Each structure stands twice: as structure tokens, then as C-alpha cells.
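Student:
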Amino acid sequence: MFAYRCALKTVFMALVLHLIPANVRQALHLYCSVVGFYICSSACPEGRWGPNCEKHCQCLNGATCDPWDGRCLCQRGWRGKYCSEECPPDRYGQDCSEICRCSNGGSCDHISGECLCAPGWTGPLCGSSCPEGTHGKECSSECRCQNGGTCNPTTGKCYCTPGWTGDVCGNRCPPGFWGVNCSKSCDCYNGATCHHITGKCECLPGFTGPMCNLQCPVGKYGKDCAFNCSCQNDGKCSFEDGKCTCSAGWIGDHCESRMCPDGLYGEDCNGRCECLAENSEVCHPWTGKCYCKPGWDGYDCSRPCPLYTYGKGCHLLCSCKNNAQCNPVNGSCSCAAGYHGENCSEPCPVGTFGENCAQRCNCRNRATCSNENGKCICPPGMHDSSYLMHEKF
Ligand SMILES: *[C@@H]1O[C@H](CO)[C@@H](O)[C@H](O)[C@H]1NC(C)=O
Ligand SMILES: *[C@@H]1O[C@H](CO)[C@@H](O)[C@H](O)[C@H]1NC(C)=O
Ligand SMILES: *[C@@H]1O[C@H](CO)[C@@H](O)[C@H](O)[C@H]1NC(C)=O
Ligand SMILES: *[C@@H]1O[C@H](CO)[C@@H](O)[C@H](O)[C@H]1NC(C)=O
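When we follow my numbering, the leftmost residue of the sequence shown carries the number 8, and every step to the right adds one.
Given below as C-alpha cells:
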């Protein structure tokens, strides 16, 4: 009976109290405390509840408690009997009734619903990957990848561009490898490595070709076969470093010197050269063979080149015409009388004759003369003896 009455009053008071301002309620509370009605608990000060406001609230995290029954009224983001627990990870707000909308593993603030993105993600709802060059929590770490490498937005691990490797892509592929992840093997020969990015072979000195499988051509050596061999006297040149291996009898870096003193030859340099000094270039220091100057021939270089030949070793053929003499040294022609031109192929110009075409014809009646001897050539009908007027100058 008493309980029933009390309940009625409670309902009544609750209605009334809701309609009156707080300061009035405070006054009412004073009155109530004096009178001591159960119902008066509706106006307890903060932190108290129950009849005569004797009980202490146990609510946490800013929650208020119901003045009648002490039940906790949680703030946004909290739950539980005493409001001691945060909303579950996928919920937030008043009574944890709102659903979190953060994506990609982001969690939301249990009060405001604001997203806390997982490492590597950003944006209001964590929908975007970290901007290039950043990674990690709140995209606040900088990528350390070098040489064009990109980093995993979550972990910061570097993905290197082709040809690079290492934690921060700071190292070239090890020798013999190239390309993405340095996973390709160089296809090069003779000790060559290849370019760490393109795989192009980089030949060692002395080798050439796309795969470095060819030796330098004869006469060339070194890196890219760019150097000319300089070995003389049949010396062999190393295609790798250009070093000369001299043939027997020769010494010096370029095999330029005779092993024996001038005029001597043979293993012990006790043979005597028989070359005619003025017509020979050298006496082979091993065999004693004479190497003649151009125009000279014979075992001791005492003979001029045979007819119609000239030059070094008498290997060249003269081109002189019309019985001209050929210079055995340089092949130049000395024309016979009546001819001129480089190879003496042309007769003297009309009106001249003789050696070097230096003489003039002297024939009457416009007769021409022999280019060789100047004899007049009479036109038909003219008598030879009456018109011949051949004069030597
Ligand atoms: C390179 O390595 C990464 C990580 O190990 C891998 O994910 C990728 O597929 C590799 N790429 C190639 C072309 O092998
Ligand atoms: C090698 O010889 C060629 C032809 O004689 C010449 O053109 C070139 O410049 C030379 N190269 C060097 C590096 O001396
Ligand atoms: C060839 O040699 C002769 C005699 O030494 C000389 O007079 C002449 O000018 C030379 N000719 C040429 C084309 O060098
Ligand atoms: C001789 O010289 C002429 C003109 O200079 C030339 O046309 C001709 O080919 C030469 N002959 C030879 C065999 O060199």
C-alpha cells in the first residue's frame, strides 16, 4: 500500500520536476530534505541518489545517475553498468548505437566516430592509400627507398626499380645479374659483366660483340677495341692490353729495335750483314736478310728493280708508255722524245716534237711533223724534197 502510494507520487513528481527549472528544483530539494519524503530524491545533487540523496553514484566517465534508482546514464561512447567500457570497435556514439564506417582496418573513435586509420591508410574513412613517399601510421613516416624505388604504404618496405636492390634500393644488382629484383642473369662471355639495369654486356678489354664473345680484330686492342696496336717488325699485339710479343731478333716495347748492333745478326749476333748500306733499310737481326729501300733489289740490295717494276720490294708495276723510263724508286716516268703526260701516253702537241716536246716543227705549207723526230709529213701531192725544211734548233 505504501509502495503503491509512493510510486504514484514518484510519477507525479517526476512529471512536475521535469517541467520546473533547476534552481527551483534545488530549492525544492532543500524543502524535501527537511520533510524527508522519499520522492524528494528526484532532486538530488550530482553524484547522489536515492531517498534523502543518501546514496553515492558509481557511474564513471562523466555519466550521470538516475536520481531515483541510481542507474547510470552513460555519455556518448561508453557502455556498461557503470559506463566503464568503451563502445565495441565497430560502434560509437550515444548508447553505442552508431555503426563505424572506417574501411581498410581503420577503427573509429568510440565517442565521435572519427576514423583512426590502420598504418598505410588515410582519408576521412581511411579509403586512400598513403601518398607516394610516405607510409605507416597516419602516413607520417617517409619512405627511404632510393633510385626510384617505391615503398609499401603499410610497412615501408621498398620495392626497387629494375637494376637495384637492398633495403633502401641503394645497391646495384650484384655482378652477373640485372633487371627486376636482380633476377636475370647476364648473358655475356669472357668474364664480362652486364649493365645492372639494361643487361647490356660490358666487355672486358680485348673483347667485343653484343655478348663479348669476339676478340678484337687484328691490329686493335683494349676496351671497346678502341686502341691501335703499335707493334712493329711482325710483332704480335695482345688484343687485351696491346703488349707486343716480338718476332725473333727484335726487342723494345714496340719491337722497334734490332737485338744485335747494326751490321750484325744471328742468335749470338756474330753474323755479318751483307746489305749495301746506302740501298738498304735494315738487315734482319735474326736471319740477316736485307730489306731494301724502294727501288732496290737483290740479296744485298745492290740491284735496281727489274724493268717495269718499282717501289718497295719492287712489287709495283710501272705505268709508263711509249718506251718511257720508269723511276725504280717512285715509278715516275721519263718520257721518250715525242711524248708527254704523267705516264707518257700523250704525243707532243701539234707543232712540237722531241724530248719534253721542247722543239718546234718547221714545215712549209702547213704540213705537220713527226712528234718523235720532227720530220715533216707532206700533204698528198706535195713533193717531199722540195718542201722539207727540217731544222734542228
Ligand atoms: C620482385 O620481388 C617482389 C618481392 O619479393 C615480388 O612481389 C615481385 O613479384 C617480384 N617481381 C618479379 C618480376 O619477379
Ligand atoms: C687508329 O688508326 C686509325 C687509322 O689509322 C686512326 O683513324 C685512329 O685515329 C687511330 N686511333 C687511335 C686511338 O690512335
Ligand atoms: C720521283 O723521284 C724522282 C727522283 O728522285 C724525282 O725527281 C721525282 O720528282 C719523283 N716523283 C714523284 C712523283 O715523287
Ligand atoms: C696514263 O695517263 C692517262 C692520262 O693521264 C690515263 O688516262 C691513263 O689511265 C694512264 N694509264 C695508266 C696505265 O696508268
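The beta-carbon is built from N, C-alpha and C at its ideal position, and this holds for glycine as well. These figures come from a predicted structure and were not determined experimentally.
Could you check how far apart the C-beta atoms of ASN329 and CYS342 are, in whole angstroms? I think they sit under 8 Å.
Tutor: 7 Å
Student: For the beta strand (DSSP E) holding GLU288, just list the boundary residues, first then last.
Tutor: 287-290
Student: Express the C-alpha separation of PHE184 and GLY226 in angstroms, rounding to a whole number.
Tutor: Looking at the two C-alpha atoms, the distance is approximately 33 Å.
Student: Drop a sphere of 10 angstroms on the beta-carbon of ARG279, count the other beta-carbons inside from all chains shown, and report buried for 16 or more, exposed for fewer.
Tutor: exposed
Student: If I follow the unbroken beta strand (DSSP E) through CYS325, where does it start and stop?
Tutor: Segment: none, CYS325 is in no beta strand (DSSP E) and carries neither H nor E.
Student: Roughly how many angstroms separate the alpha carbons of PRO301 and GLN222, rounded to a whole number?
Tutor: Their Cα atoms are separated by approximately 35 Å.
Student: Distance, Cα to Cα, CYS370 vs CYS385?
Tutor: 8 Å
Student: Name, in chain order, the residues that DSSP records as bridge partners for LYS62.
Tutor: TRP56
Student: Thinking CYS176 and CYS189 are a contact (beta carbons under 8 Å), I'd like their distance in whole angstroms, please.
Tutor: Contact doesn't hold; Cβ gap of about 11 Å is too wide.
Student: Can you check which of these residues, ALA125, SER119 and GLY381, is closest to ARG98 by C-alpha distance?
Tutor: SER119
Student: Is it buried or exposed for GLY388, if we count other Cβ within 10 angstroms and need 16 for buried?
Tutor: It is exposed - the Cβ of GLY388 has fewer than 16 other Cβ atoms within 10 Å.
Student: Tell me whether TYR481 is buried or exposed, calling it buried when 16 or more other Cβ atoms sit within 10 Å of its Cβ.
Tutor: Because the chain in this structure spans residues 8 to 400, residue 481 falls outside the shown range and cannot be described.
Student: At a threshold of 7 Å, does SER190 count as lining ligand 1 (C-beta to nearest heavy atom)?
Tutor: yes
Student: Over what stretch of residues does the beta strand (DSSP E) that includes CYS297 continue unbroken?
Tutor: 297-299
Student: Can you give me the Cβ contacts of GLY134 inside the same chain, cut-off strictly under 6 Å, excluding the 5 residues immediately before and after it?
Tutor: SER110
Student: To the nearest angstrom, how far is it from the Cα of ASP275 to the Cα of TRP293?
Tutor: 9 Å
Student: Where LEU67 and GLY54 are concerned, what is the direct C-alpha to C-alpha distance, given to the nearest angstrom?
Tutor: 10 Å
Student: Got a sec: does ligand 3 put a non-hydrogen atom nearer than 7 Å to the Cβ of ASN240?
Tutor: no
Student: Report all residues from its chain with a CB closer than 8 Å to the CB of LEU123; omit the five preceding and five following residues, and keep chain order.
Tutor: Cβ within range, chain order: CYS109, GLY113, SER114, CYS115 and ASP116.
Student: Taking the straight line between their C-alpha atoms, what separation do you get for CYS238 and HIS261?
Tutor: The alpha-carbon of CYS238 is positioned some 4 Å away from that of HIS261.
Student: What does the Cβ neighbour count give for ALA344, buried or exposed, with the cut at 16 atoms within 10 Å?
Tutor: buried
Student: Would you decide whether ARG86 is buried or exposed? Buried here means 16 or more other CB atoms lie within 10 Å of its CB.
Tutor: buried
Student: ALA331: beta carbon under 7 Å from a heavy atom of ligand 2?
Tutor: no
Student: If I'm right that ASP174 touches CYS180 with Cβ under 8 Å, what's the distance once you round it to whole angstroms?
Tutor: 15 Å between Cβ atoms; not a contact.
Student: Who sits around ligand 3, taking every residue whose Cβ is closer than 7 Å to one of its heavy atoms?
Tutor: ASN334, VAL336, ASN337 and SER339
Student: Measuring alpha carbon to alpha carbon, tell me which of CYS351, ASP307, PRO313 and ASP248 ends up nearest CYS327.
Tutor: CYS351
Student: Rounded to whole angstroms, what's the CA-CA distance from LYS243 to THR172? Just pull it up for me.
Tutor: About 44 Å.
Student: Hey, how far is the Cα of GLY348 from the Cα of SER339?
Tutor: 11 Å
Student: Would THR381 be called buried (16 or more neighbouring beta carbons within 10 Å of its own) or exposed?
Tutor: Sequence inspection shows Gly at residue 381; the Thr mentioned does not correspond to that position. Under this definition GLY381 is a buried residue.
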